[in-house]
Amino acid sequence: MYIFRFITQGLICESATVVLPYCPKCGAQVRAGDRFCGYCGARLAIPKKRKKVCPRCGREARPSDKFCAKCGMRLEEEGGEAAGVEETTEVLEMPPDIQERLSPAALIFVFEDILPEKDYERVKKLEQKNVWLGYMVAATLFALKEDEVVFLRPDKRGRVLKKDTVLIIKRRRFKMRTYGILSQKIYRLREGEALTVYDLLYNPQLKDSLKDPPAYFIQLVIQHDFDPRTREYLIVEKTVQIKRSFLDRLLGVPKAVSYTFVNMDRAQIYRDQALALKQLLHRYLNHPYYGRLFKIIMKECDRALWAMHYYEGY
Numbered sequence: 009m010y011i012f013r014f015i016t017q018g019l020i021c022e023s024a025t026v027v028l029p030y031c032p033k034c035g036a037q038v039r040a041g042d043r044f045c046g047y048c049g050a051r052l053a054i055p056k057k058r059k060k061v062c063p064r065c066g067r068e069a070r071p072s073d074k075f076c077a078k079c080g081m082r083l084e085e086e087g088g089e090a091a092g093v094e095e096t097t098e099v100l101e102m103p104p105d106i107q108e109r110l111s112p113a114a115l116i117f118v119f120e121d122i123l124p125e126k127d128y129e130r131v132k133k134l135e136q137k138n139v140w141l142g143y144m145v146a147a148t149l150f151a152l153k154e155d156e157v158v159f160l161r162p163d164k165r166g167r168v169l170k171k172d173t174v175l176i177i178k179r180r181r182f183k184m185r186t187y188g189i190l191s192q193k194i195y196r197l198r199e200g201e202a203l204t205v206y207d208l209l210y211n212p213q214l215k216d217s218l219k220d221p222p223a224y225f226i227q228l229v230i231q232h233d234f235d236p237r238t239r240e241y242l243i244v245e246k247t248v249q250i251k252r253s254f255l256d257r258l259l260g261v262p263k264a265v266s267y268t269f270v271n272m273d274r275a276q277i278y279r280d281q282a283l284a285l286k287q288l289l290h291r292y293l294n295h296p297y298y299g300r301l302f303k304i305i306m307k308e309c310d311r312a313l314w315a316m317h318y319y320e321g322y
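To convert, take the position in the sequence shown, counting from 1, and add 8; that gives the working numbering.
And the structure:
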């Protein structure tokens, strides 16, 4: 898978002087702090902060305590060093029936900070869902390219007014579950067949019919790239009742608003996958060739969304 490949290519050995631990399952070297093995995907033991424990009675003490609250024994030696400190490790446990891996689009939905800082602020503050979706599409395509599933090259589309686009050529078969719902049209292609980024997103049946096209596709990612158990575990949906005036009712203001957010504490089991995807995006966005393709991908996504947008009286 793309995240595993990229970790083994560049993320593990940052310095020749760093002593690397080993995966207990396959024996591959991993970085200190990694939660999953980059070669076999096994969960790794994670060092925890050192605990201060009374050496006499075994009672756990706060880091600032100098004496044991139970037996009164001094917890700091003459030199000021803590006595009775033990190191423990914990194994990162993934709840049962939860997906072990998320698609690129799902990772960007959960971890908005994968995006470069300037675009992250746009998504966070201005709620520009088209930028958010554009990154989901780009991340999916670059992950497919990284695994040599597709070939990407610039192209033109249109008969009269030619527009720049990116042609996606399928090289081999793949599991759609790995790359998510945004790869569905590529999945259906035969090997050697191609389609443009515009056609990847555009649906003729939805032409001029969606009031919020980016939200429509982001909802598709939520529904298809998370299985029901994972969606229930990570994503919280709430409905808030709104107090409406008589004028609000006349204007058709809804009586309730639903919103969705991610439980970030629980999402940390996928943090290492998100960091690997962030590194992959950074490498492609800063590449002279693929950085140019990325700009075209974003523009083509906007054009496809615009073609499906519904306007009253149009």
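Note that the Cβ used here is the ideal one computed from N, Cα and C, for glycine as well.
Per-residue DSSP class, three states only, for residue i
i: Ile243; result: strand
i: Phe225; result: helix
i: Val139; result: helix
i: Ser111; result: coil
i: Ile106; result: coil
i: Gly188; result: coil
i: Phe234; result: coil
i: Glu156; result: coil
i: Tyr1; result: It is not possible to answer for residue 1, since the shown part of the chain is limited to 9 through 322.
i: His290; result: helix
i: Leu208; result: helix
i: Pro296; result: helix
i: Leu19; result: Per-residue confidence for Leu19 stands at a pLDDT of 32, beneath the threshold of 50, marking its modelled position as unreliable; no derived number is given.
i: Lys303; result: helix
i: Val336; result: Residue 336 is absent from the model: the chain starts at 9 and stops at 322.
i: Val118; result: helix
i: Phe182; result: coil
i: Leu258; result: helix
i: Leu123; result: coil
i: Leu283; result: helix
i: Arg167; result: coil
i: Arg365; result: What the structure shows of the chain is the stretch from 9 to 322, and residue 365 is not part of that stretch, so it cannot be assessed.
Beta-bridge partners of residue i, as assigned by DSSP
i: Ala264; result: Gln249
i: Val174; result: Pro162
i: Phe75; result: Arg82
i: His317; result: Leu218
i: Leu203; result: Ile176
i: Val270; result: Ile243
Selection from the options that minimises the alpha carbon distance to residue i
i: Leu115; options: Tyr187, Ser253 and Val261; result: Tyr187
i: Tyr143; options: Ser253, Val168, Arg181 and Leu190; result: Leu190
i: Gln357; options: Tyr297, Val118, Lys78 and Ala264; result: With the chain represented from 9 up to 322, any question about residue 357 goes unanswered, as that position is not in the structure.
i: Ile250; options: Tyr241, Val244 and Gly260; result: Gly260
i: Phe159; options: Arg196, Leu203 and Val248; result: Leu203
i: Glu108; options: Leu149, Lys74, Phe150 and Arg185; result: Arg185
i: Asp310; options: Pro236, Glu199, Asp207 and Val61; result: Asp207
i: Leu209; options: Ile176, Lys263, Arg180 and Arg198; result: Ile176
i: Arg180; options: Leu152, Val157, Arg82 and Ile194; result: Val157
i: Leu288; options: Lys153, Lys60, Met81 and Glu120; result: Lys153
i: Ile104; options: Glu240, Gln136, Val61 and Ala284; result: The sequence given here places Pro at residue 104; Ile does not occur at that position. Nearest C-alpha to Pro104: Glu240.
i: Ala264; options: Val248, Arg257 and Asp155; result: Val248
i: Asp155; options: Gly166, Leu285 and His295; result: Leu285
i: Ile194; options: Ser72, Leu83 and Leu149; result: Leu149
i: Gln231; options: Thr268, Gln136, Leu258 and Asp42; result: Thr268
Beta carbon of residue i nearer than 7 Å to that of residue j
i: Ile106; j: Thr238; result: yes
i: Val174; j: Ile305; result: yes
i: Leu313; j: Asn138; result: yes
i: Glu201; j: Lys178; result: yes
i: Ala292; j: Lys219; result: Before going further, note that residue 292 is Tyr rather than Ala in the sequence given. Cβ atoms of Tyr292 and Lys219: not closer than 7 Å.
i: Met316; j: Lys215; result: yes
i: Met112; j: Ala147; result: What sits at residue 112 in the sequence shown is Pro, not Met. Closer than 7 Å, so yes.
i: Arg67; j: Cys76; result: yes
i: Arg196; j: Leu242; result: no
i: Cys65; j: Cys45; result: no
i: Val244; j: Asn211; result: no
i: Phe254; j: Leu141; result: no
i: Leu110; j: Tyr278; result: yes
i: Glu308; j: Val229; result: no
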